[in-house]
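Novice: Dumping the structure here so I can ask a few things about it.
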Amino acid sequence: MLKSIGMAMIVFMVAGFALAAETAVPVAQPAKELKLDLGNGVSLKLVQIPAGQFLMGSPETEKDRGKDEVQHEVTISKPFYMGVTHVTVDQFAAFVKDSAYKTDAEKVGGSLGFDIKDGKLDPRVVEGCSWRNPSFDQKGDHPVVQVSWNDATAFCDWLSKKSGKTVVLPTEAQWEYACRAGTKTAYPWGDNPADGKGWANCADQSLKKKLSNAPAEWELFSWDDGFAFTAPVGSFKGNAFGLYDMNGNACQWCRNRDGDYEKGAATNPTAARNAGLHVVRGGSWYTSPPAYCRSAFRWLFPIQFDYVGFRVAVVGAGVD
46 MLKSIGMAMI
56 VFMVAGFALA
66 AETAVPVAQP
76 AKELKLDLGN
86 GVSLKLVQIP
96 AGQFLMGSPE
106 TEKDRGKDEV
116 QHEVTISKPF
126 YMGVTHVTVD
136 QFAAFVKDSA
146 YKTDAEKVGG
156 SLGFDIKDGK
166 LDPRVVEGCS
176 WRNPSFDQKG
186 DHPVVQVSWN
196 DATAFCDWLS
206 KKSGKTVVLP
216 TEAQWEYACR
226 AGTKTAYPWG
236 DNPADGKGWA
246 NCADQSLKKK
256 LSNAPAEWEL
266 FSWDDGFAFT
276 APVGSFKGNA
286 FGLYDMNGNA
296 CQWCRNRDGD
306 YEKGAATNPT
316 AARNAGLHVV
326 RGGSWYTSPP
336 AYCRSAFRWL
346 FPIQFDYVGF
356 RVAVVGAGVD
(Lines of atoms letter the chains of each structure in order from A; the text may use other names.)
(Lines give C-alpha, C1' and ligand atoms only; values in the text may rest on other atoms or scores of the structure.)
Protein backbone atom coordinates (compact mmCIF):
# COMPACT_ATOMS: atom_id res chain seq x y z
CA MET A 46 0.00 0.00 0.00
CA LEU A 47 2.77 2.43 0.97
CA LYS A 48 4.67 1.66 -2.21
CA SER A 49 1.71 2.53 -4.42
CA ILE A 50 1.07 5.71 -2.47
CA GLY A 51 4.71 6.63 -2.84
CA MET A 52 4.68 6.21 -6.61
CA ALA A 53 1.61 8.41 -6.88
CA MET A 54 3.18 11.02 -4.67
CA ILE A 55 6.34 11.24 -6.74
CA VAL A 56 4.17 12.18 -9.71
CA PHE A 57 2.41 14.88 -7.73
CA MET A 58 5.66 16.24 -6.31
CA VAL A 59 6.38 17.94 -9.60
CA ALA A 60 2.80 18.98 -10.26
CA GLY A 61 1.54 22.44 -9.47
CA PHE A 62 0.05 25.52 -10.89
CA ALA A 63 -0.07 29.05 -9.75
CA LEU A 64 -1.95 32.14 -8.85
CA ALA A 65 -0.57 35.51 -7.81
CA ALA A 66 -2.00 38.66 -6.37
CA GLU A 67 -1.74 42.28 -5.49
CA THR A 68 -3.61 44.16 -2.83
CA ALA A 69 -4.72 47.71 -2.22
CA VAL A 70 -5.42 47.21 1.46
CA PRO A 71 -3.61 49.45 3.92
CA VAL A 72 -2.11 47.50 6.79
CA ALA A 73 -3.54 48.56 10.13
CA GLN A 74 -0.98 48.86 12.92
CA PRO A 75 -0.84 47.68 15.58
CA ALA A 76 -2.82 44.57 14.72
CA LYS A 77 -5.00 42.77 17.23
CA GLU A 78 -3.60 39.52 18.56
CA LEU A 79 -5.20 36.33 19.80
CA LYS A 80 -3.54 33.72 21.97
CA LEU A 81 -4.99 30.23 22.29
CA ASP A 82 -4.09 27.94 25.17
CA LEU A 83 -3.16 24.40 24.12
CA GLY A 84 -2.50 23.21 27.66
CA ASN A 85 0.64 22.35 29.66
CA GLY A 86 2.12 25.78 29.10
CA VAL A 87 1.87 25.60 25.29
CA SER A 88 0.05 28.35 23.40
CA LEU A 89 -0.56 29.46 19.81
CA LYS A 90 -0.46 33.09 18.73
CA LEU A 91 -2.52 34.59 15.90
CA VAL A 92 -2.79 38.09 14.48
CA GLN A 93 -5.85 39.78 12.96
CA ILE A 94 -5.92 40.17 9.19
CA PRO A 95 -8.20 43.03 8.09
CA ALA A 96 -10.91 42.72 5.46
CA GLY A 97 -10.05 44.09 2.02
CA GLN A 98 -9.61 43.50 -1.70
CA PHE A 99 -6.72 42.27 -3.83
CA LEU A 100 -5.96 40.92 -7.28
CA MET A 101 -5.65 37.14 -7.37
CA GLY A 102 -3.69 35.85 -10.30
CA SER A 103 -0.43 37.16 -11.67
CA PRO A 104 0.25 39.79 -14.35
CA GLU A 105 1.40 38.39 -17.66
CA THR A 106 4.77 40.01 -17.11
CA GLU A 107 5.54 37.94 -13.99
CA LYS A 108 8.40 35.52 -14.62
CA ASP A 109 7.52 31.82 -14.49
CA ARG A 110 3.81 32.49 -14.00
CA GLY A 111 1.35 29.65 -14.61
CA LYS A 112 -1.23 29.68 -17.38
CA ASP A 113 -4.08 29.49 -14.86
CA GLU A 114 -3.08 32.74 -13.15
CA VAL A 115 -5.56 35.06 -14.85
CA GLN A 116 -5.95 38.05 -12.58
CA HIS A 117 -9.29 38.75 -10.95
CA GLU A 118 -10.43 40.89 -8.05
CA VAL A 119 -11.08 39.10 -4.78
CA THR A 120 -12.81 40.55 -1.76
CA ILE A 121 -12.12 39.24 1.72
CA SER A 122 -15.29 40.59 3.31
CA LYS A 123 -14.53 39.95 6.96
CA PRO A 124 -11.41 40.10 9.10
CA PHE A 125 -9.95 36.86 10.39
CA TYR A 126 -7.05 35.73 12.52
CA MET A 127 -4.05 33.92 11.08
CA GLY A 128 -1.38 31.95 12.93
CA VAL A 129 1.74 34.09 13.22
CA THR A 130 3.80 31.01 12.35
CA HIS A 131 3.35 27.43 11.27
CA VAL A 132 2.00 25.04 13.87
CA THR A 133 5.12 23.77 15.60
CA VAL A 134 6.23 20.32 16.70
CA ASP A 135 5.51 21.25 20.33
CA GLN A 136 2.04 22.57 19.51
CA PHE A 137 1.14 19.47 17.53
CA ALA A 138 2.51 17.30 20.32
CA ALA A 139 0.18 19.03 22.80
CA PHE A 140 -2.75 18.09 20.57
CA VAL A 141 -1.62 14.47 20.26
CA LYS A 142 -1.05 14.14 23.99
CA ASP A 143 -4.46 15.53 24.87
CA SER A 144 -6.44 13.65 22.21
CA ALA A 145 -4.39 10.46 21.71
CA TYR A 146 -4.61 11.20 17.98
CA LYS A 147 -2.71 9.00 15.53
CA THR A 148 -1.68 10.59 12.23
CA ASP A 149 -2.24 9.06 8.81
CA ALA A 150 1.46 8.20 8.47
CA GLU A 151 1.48 6.45 11.84
CA LYS A 152 -1.61 4.43 10.94
CA VAL A 153 0.09 2.87 7.92
CA GLY A 154 3.56 2.62 9.44
CA GLY A 155 5.42 5.10 7.28
CA SER A 156 5.27 7.83 4.67
CA LEU A 157 6.84 9.24 1.56
CA GLY A 158 9.92 11.00 2.88
CA PHE A 159 13.62 11.42 2.29
CA ASP A 160 16.09 8.66 3.00
CA ILE A 161 19.17 10.74 3.80
CA LYS A 162 22.41 8.78 4.05
CA ASP A 163 26.00 9.86 3.46
CA GLY A 164 24.89 13.20 2.08
CA LYS A 165 22.52 11.62 -0.43
CA LEU A 166 18.83 12.37 -0.51
CA ASP A 167 16.48 9.73 -1.87
CA PRO A 168 12.72 10.55 -1.97
CA ARG A 169 10.89 7.31 -1.30
CA VAL A 170 8.50 5.61 1.09
CA VAL A 171 10.32 5.41 4.42
CA GLU A 172 9.18 2.91 7.03
CA GLY A 173 8.42 4.57 10.36
CA CYS A 174 8.56 8.09 8.92
CA SER A 175 6.04 10.41 10.60
CA TRP A 176 5.78 13.79 12.34
CA ARG A 177 7.64 12.20 15.26
CA ASN A 178 10.42 10.97 13.01
CA PRO A 179 10.86 12.93 9.77
CA SER A 180 13.97 12.47 7.65
CA PHE A 181 15.97 15.07 9.59
CA ASP A 182 16.30 16.26 13.18
CA GLN A 183 13.83 18.83 14.47
CA LYS A 184 13.31 20.72 17.72
CA GLY A 185 10.03 21.71 19.32
CA ASP A 186 10.01 25.17 17.75
CA HIS A 187 10.32 23.88 14.19
CA PRO A 188 7.24 23.59 11.95
CA VAL A 189 5.62 20.20 12.27
CA VAL A 190 5.85 18.24 8.98
CA GLN A 191 4.71 14.82 7.82
CA VAL A 192 1.11 15.79 8.62
CA SER A 193 -1.68 15.17 6.12
CA TRP A 194 -4.64 17.42 5.39
CA ASN A 195 -6.70 15.10 7.60
CA ASP A 196 -4.18 15.51 10.42
CA ALA A 197 -4.16 19.30 10.09
CA THR A 198 -7.96 19.41 10.06
CA ALA A 199 -8.12 17.16 13.12
CA PHE A 200 -5.83 19.62 14.94
CA CYS A 201 -8.19 22.47 14.00
CA ASP A 202 -11.26 20.55 15.20
CA TRP A 203 -9.57 19.75 18.51
CA LEU A 204 -8.45 23.35 19.08
CA SER A 205 -11.93 24.64 18.17
CA LYS A 206 -13.46 22.56 20.95
CA LYS A 207 -10.70 23.43 23.38
CA SER A 208 -10.74 27.18 22.74
CA GLY A 209 -14.38 27.83 21.88
CA LYS A 210 -13.24 29.55 18.67
CA THR A 211 -13.76 28.43 15.09
CA VAL A 212 -10.28 27.24 14.17
CA VAL A 213 -9.81 26.19 10.54
CA LEU A 214 -7.24 25.94 7.81
CA PRO A 215 -7.22 29.15 5.74
CA THR A 216 -8.75 29.16 2.29
CA GLU A 217 -6.39 29.79 -0.61
CA ALA A 218 -7.71 33.31 -0.96
CA GLN A 219 -7.22 34.04 2.74
CA TRP A 220 -3.76 32.53 2.61
CA GLU A 221 -2.54 34.52 -0.39
CA TYR A 222 -4.12 37.74 0.82
CA ALA A 223 -2.40 37.32 4.18
CA CYS A 224 0.86 36.25 2.54
CA ARG A 225 1.06 39.28 0.29
CA ALA A 226 0.13 41.78 3.02
CA GLY A 227 -0.07 44.59 0.46
CA THR A 228 2.81 43.50 -1.78
CA LYS A 229 2.40 43.28 -5.54
CA THR A 230 5.58 41.41 -6.37
CA ALA A 231 6.29 37.74 -7.04
CA TYR A 232 8.03 37.34 -3.67
CA PRO A 233 7.54 39.36 -0.49
CA TRP A 234 10.94 41.01 -1.04
CA GLY A 235 10.44 41.83 -4.75
CA ASP A 236 10.57 40.11 -8.13
CA ASN A 237 14.17 38.90 -8.02
CA PRO A 238 14.61 35.61 -6.14
CA ALA A 239 18.28 36.44 -5.54
CA ASP A 240 17.26 39.27 -3.20
CA GLY A 241 15.52 37.00 -0.71
CA LYS A 242 18.28 36.31 1.80
CA GLY A 243 16.94 36.90 5.30
CA TRP A 244 13.34 36.60 4.20
CA ALA A 245 12.71 32.86 4.02
CA ASN A 246 14.08 29.38 4.58
CA CYS A 247 14.04 28.00 1.05
CA ALA A 248 16.03 25.53 -1.04
CA ASP A 249 19.35 27.31 -1.34
CA GLN A 250 23.08 26.79 -1.07
CA SER A 251 22.87 25.48 2.51
CA LEU A 252 20.82 22.55 1.23
CA LYS A 253 23.12 22.02 -1.74
CA LYS A 254 26.18 21.85 0.52
CA LYS A 255 24.45 19.26 2.68
CA LEU A 256 23.76 16.90 -0.21
CA SER A 257 26.52 15.25 -2.18
CA ASN A 258 24.06 14.05 -4.83
CA ALA A 259 22.52 17.42 -5.64
CA PRO A 260 22.27 17.50 -9.45
CA ALA A 261 24.24 20.26 -11.15
CA GLU A 262 21.12 21.46 -12.94
CA TRP A 263 19.13 21.76 -9.70
CA GLU A 264 17.84 25.34 -9.63
CA LEU A 265 18.27 26.70 -6.10
CA PHE A 266 18.28 30.14 -4.53
CA SER A 267 21.72 31.75 -4.81
CA TRP A 268 21.97 32.64 -1.13
CA ASP A 269 22.68 30.60 2.00
CA ASP A 270 20.04 30.95 4.73
CA GLY A 271 21.94 28.78 7.21
CA PHE A 272 19.37 25.98 7.34
CA ALA A 273 19.49 22.92 5.11
CA PHE A 274 16.15 21.61 6.44
CA THR A 275 13.48 23.23 8.63
CA ALA A 276 14.34 26.20 10.83
CA PRO A 277 12.82 27.43 14.10
CA VAL A 278 9.63 29.31 13.22
CA GLY A 279 9.97 33.08 13.09
CA SER A 280 13.69 33.00 12.27
CA PHE A 281 13.26 35.22 9.21
CA LYS A 282 11.63 38.56 8.40
CA GLY A 283 7.91 38.90 8.98
CA ASN A 284 5.54 40.61 6.56
CA ALA A 285 3.47 43.76 7.11
CA PHE A 286 0.69 41.74 8.76
CA GLY A 287 3.15 40.29 11.28
CA LEU A 288 3.23 36.79 9.74
CA TYR A 289 6.40 34.72 9.46
CA ASP A 290 7.54 31.97 7.07
CA MET A 291 4.69 32.41 4.63
CA ASN A 292 7.03 31.73 1.70
CA GLY A 293 9.34 29.15 3.18
CA ASN A 294 10.26 26.63 5.87
CA ALA A 295 7.35 24.26 5.13
CA CYS A 296 4.53 24.34 2.60
CA GLN A 297 1.09 24.82 4.13
CA TRP A 298 -2.22 23.03 3.70
CA CYS A 299 -5.24 25.13 2.74
CA ARG A 300 -8.85 24.35 3.55
CA ASN A 301 -10.13 23.92 0.02
CA ARG A 302 -9.61 21.32 -2.67
CA ASP A 303 -8.50 21.91 -6.22
CA GLY A 304 -10.86 23.93 -8.35
CA ASP A 305 -10.99 26.56 -11.06
CA TYR A 306 -11.03 30.17 -9.96
CA GLU A 307 -14.19 32.16 -10.34
CA LYS A 308 -14.38 34.16 -13.55
CA GLY A 309 -14.44 37.84 -12.77
CA ALA A 310 -14.67 39.39 -9.34
CA ALA A 311 -15.26 37.06 -6.39
CA THR A 312 -16.02 37.41 -2.70
CA ASN A 313 -14.53 34.93 -0.22
CA PRO A 314 -13.82 32.30 -2.90
CA THR A 315 -13.17 28.71 -1.94
CA ALA A 316 -12.16 27.18 -5.32
CA ALA A 317 -13.72 23.94 -4.12
CA ARG A 318 -15.72 22.92 -7.18
CA ASN A 319 -13.87 19.69 -7.84
CA ALA A 320 -13.47 16.79 -5.45
CA GLY A 321 -9.78 16.68 -6.22
CA LEU A 322 -6.59 16.94 -4.21
CA HIS A 323 -6.14 19.46 -1.45
CA VAL A 324 -4.15 22.61 -2.10
CA VAL A 325 -0.81 23.43 -0.48
CA ARG A 326 0.64 26.94 -0.57
CA GLY A 327 3.95 28.61 0.21
CA GLY A 328 7.49 27.42 -0.37
CA SER A 329 9.68 25.22 1.78
CA TRP A 330 13.25 24.28 2.63
CA TYR A 331 13.17 21.85 -0.31
CA THR A 332 10.99 23.66 -2.85
CA SER A 333 12.75 24.05 -6.20
CA PRO A 334 12.92 25.91 -8.54
CA PRO A 335 12.67 29.30 -6.78
CA ALA A 336 9.54 30.16 -8.77
CA TYR A 337 7.69 27.56 -6.70
CA CYS A 338 8.24 29.80 -3.66
CA ARG A 339 6.38 32.73 -5.20
CA SER A 340 3.52 34.11 -3.14
CA ALA A 341 1.23 32.91 -5.93
CA PHE A 342 2.40 29.36 -6.45
CA ARG A 343 -0.04 26.52 -5.91
CA TRP A 344 0.63 22.85 -5.19
CA LEU A 345 -1.69 19.85 -5.11
CA PHE A 346 -0.82 17.03 -2.71
CA PRO A 347 -2.49 13.71 -1.87
CA ILE A 348 -0.61 12.86 1.35
CA GLN A 349 1.89 14.12 3.92
CA PHE A 350 5.54 14.76 3.18
CA ASP A 351 8.78 15.97 4.79
CA TYR A 352 8.26 19.56 3.68
CA VAL A 353 4.52 20.00 4.23
CA GLY A 354 3.06 21.54 7.39
CA PHE A 355 0.27 24.00 8.13
CA ARG A 356 -0.88 27.10 9.97
CA VAL A 357 -4.35 27.88 11.27
CA ALA A 358 -6.92 30.64 11.02
CA VAL A 359 -9.75 31.70 13.31
CA VAL A 360 -12.94 32.90 11.64
CA GLY A 361 -16.52 33.72 12.56
CA ALA A 362 -17.96 35.67 15.46
CA GLY A 363 -15.64 37.70 17.65
CA VAL A 364 -12.81 38.28 15.22
CA ASP A 365 -13.51 41.98 14.48
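Quick note: the sequence shown, position 240, residue 285 per this note's numbering, numbers continuous. Idealized CB from N, CA, C, for every residue including glycine. Remember, predicted model here, so these are calculated numbers, not experimental data.
Out of 322, 253 and 218, which has the shortest C-alpha to C-alpha gap to residue 312?
Specialist: In the sequence shown, counting from the first residue as 1, residue 312 sits at position 267. Ranking 322, 253 and 218 by Cα distance to residue 312 puts 218 first.
Novice: Would you decide whether residue 328 is buried or exposed? Buried here means 16 or more other CB atoms lie within 10 Å of its CB.
Specialist: Residue 328 sits at position 283 when you count from the first residue of the sequence shown. By the 10 Å Cβ count, residue 328 comes out buried.
Novice: With a cut-off of 8 Å, do at least 3 Cβ pairs link the stretch 180-197 to the stretch 158-166?
Specialist: yes
Novice: For residue 118, name the three-state secondary structure that DSSP assigns.
Specialist: In the sequence shown, residue 118 corresponds to position 73, counting from 1. Strand, per DSSP.
Novice: Answer with buried or exposed for residue 7, where buried requires no fewer than 16 other C-beta atoms within 10 angstroms of its C-beta.
Specialist: Limits of the chain in this structure are 46 at one end and 365 at the other, which puts residue 7 out of reach.
Novice: Return the bridge partner residues of residue 82 from the DSSP annotation.
Specialist: On the sequence shown, residue 82 is found 37 positions in, with the first residue counted as 1. Answer is 88, bridged to residue 82.
Novice: Below 8 Å on the Cβ atoms is my contact criterion, and I expect residue 84 with residue 211 to pass it. Report the Cβ-Cβ distance as a whole number of Å.
Specialist: Within the sequence shown, the letter at position 39 stands for residue 84. Within the sequence shown, the letter at position 166 stands for residue 211. So it is not a contact: roughly 19 Å between Cβ atoms.
Novice: So, with DSSP's three-state summary, where would you put residue 175?
Specialist: Within the sequence shown, numbered from 1, the residue matching residue 175 stands at position 130. Residue state, collapsed to three classes: strand.
Novice: Can you tell me which of 102, 78, 120 and 89 puts its alpha carbon nearest to the alpha carbon of residue 112?
Specialist: Your numbering for residue 112 matches position 67 in the sequence shown. The shortest C-alpha separation from residue 112 is found at 102.
Novice: Among 188, 310, 346 and 275, whose alpha-carbon lies nearest the alpha-carbon of residue 322?
Specialist: To locate residue 322, count along the sequence shown from 1; it is residue 277. The shortest C-alpha separation from residue 322 is found at 346.
Novice: Between residue 253 and residue 273, what straight-line distance do the alpha-carbon atoms span, to the nearest angstrom?
Specialist: The sequence position of residue 253 within the sequence shown is 208, counting from 1. The sequence position of residue 273 within the sequence shown is 228, counting from 1. So the two alpha carbons sit approximately 8 Å from each other.
Novice: Can you tell me whether residue 346 is helix, strand or coil according to DSSP?
Specialist: Stepping through the sequence shown from its first residue, residue 346 is reached at position 301. Residue 346 falls in the strand class under three-state DSSP.
Novice: The beta strand (DSSP E) with residue 205 in it runs from where to where?
Specialist: Counting from one through the sequence shown, the residue named residue 205 turns up at place 160. Where residue 205 is concerned, there is no enclosing beta strand (DSSP E), although the alpha helix (DSSP H) it sits in stretches over 194-208.
Novice: Which stretch, first to last residue, makes up the beta strand (DSSP E) that contains residue 280?
Specialist: Residue numbering aside, residue 280 sits at position 235 when the sequence shown is read from its first letter. That residue, residue 280, is in no beta strand (DSSP E); it is neither H nor E in DSSP.
Novice: What are the boundary residues of the alpha helix (DSSP H) that includes residue 160?
Specialist: Position 115 of the sequence shown, counted from the start, is the residue given in the question as residue 160. Here residue 160 belongs to no alpha helix (DSSP H); instead the beta strand (DSSP E) covers 155-162.
Novice: Based on DSSP bridge pairs, tell me the residues matched to residue 323.
Specialist: By one-based count along the sequence shown, residue 323 stands at place 278. Partner(s): 302 and 346.
Novice: Near residue 109, what residues of its chain come up, given a Cβ to Cβ distance below 7 Å and the 5 sequence neighbours on each side ignored?
Specialist: Numbered from its first residue, the sequence shown carries residue 109 at position 64. If we look at residue 109 and ignore the five residues flanking it on each side, its Cβ neighbours are 336.
Novice: Kindly confirm or deny that the stretch 137-151 and the stretch 118-129 touch, where touching means at least three C-beta pairs closer than 8 Å.
Specialist: With a cut-off of 8 Å, the stretch 118-129 and the stretch 137-151 do not count as touching, because too few Cβ pairs lie within range.
Novice: In terms of alpha-carbon separation, which member of 105, 114 and 192 lies closest to residue 134?
Specialist: By 1-based counting over the sequence shown, the position of residue 134 is 89. Per the Cα distances, 192.
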